[in-house]
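Data first, discussion second: the structure below is written as structure tokens.
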Amino acid sequence: DMGGALGALDAGFQISEIHESAYDYQRRVESEDRIVVGVNRYQSPTPPIEQLQTIDPAQTQRQLDRLARVKRDRDDSAVSASLQNLENIARGTDNTMPAILECVEAYATLGEISDVLRGVFGVQQEFSPF
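Per the working numbering, the sequence shown starts with residue 106, numbered consecutively.
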């Protein structure tokens, strides 16, 4: 007995079971006891993509210039107010989507909106008992 679901969670039981299941699945795929189309059987004759997409530095600079222009021309007080409203809503139980839309309409960036949400909710960390 592990003390119920919370005790099992604290002991890492569920994660251990998931890891064991994933290991067993991978072992069966590699030994071809389990067939996965395109992985260990019936692979495509088309060779994989060898050249990864590269982004033209000039295009990157154009986008950075556009971002700077948006930040320069927007109403900073409206952005600040909308981000503060989002933070207040996120700390409660109301739907955050209207507040996010308010931020977007004020020209807050995705990074600014994400920073507010990370500040309230944190960043997910993988739990590993090992």
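Just so you know, even glycine gets a beta-carbon here, dropped at the ideal spot from N, CA and C. Remember, it's a predicted structure, so these values are computed and weren't measured experimentally.
Sixteen is the threshold: since fewer than 16 other Cβ atoms of the shown chains lie within 10 Å of the Cβ of leucine 111, the residue is exposed.
Arginine 167 carries a helical assignment under DSSP once its states are collapsed to helix, strand and coil. The C-alpha of glutamine 156 is placed about 54 Å away from the C-alpha of aspartate 106.
Here arginine 223 carries a helix assignment [DSSP, helix/strand/coil]. Beyond the five residues adjoining it in sequence on each side, glutamate 137 comes within less than 6 Å, by CB distance, of Asn145 in the same chain, given in chain order. Going by DSSP, isoleucine 140 is part of no alpha helix (DSSP H) at all; its letter is neither H nor E. Using a Cβ distance threshold of 8 Å, alanine 213 and valine 184 count as a contacting pair. Counting along the chain, glutamine 229 sits inside no alpha helix (DSSP H), nor does DSSP assign it H or E at all. DSSP places arginine 146 in the strand class (E or B) of the three-state scheme. For a cut-off of 8 Å, the C-beta gap from alanine 113 to glutamine 119 is around 6 Å, short enough to register as a contact. Taking all protein chains shown into account, serine 187 has 16 or more neighbouring C-beta atoms within 10 Å of its C-beta and is therefore buried.
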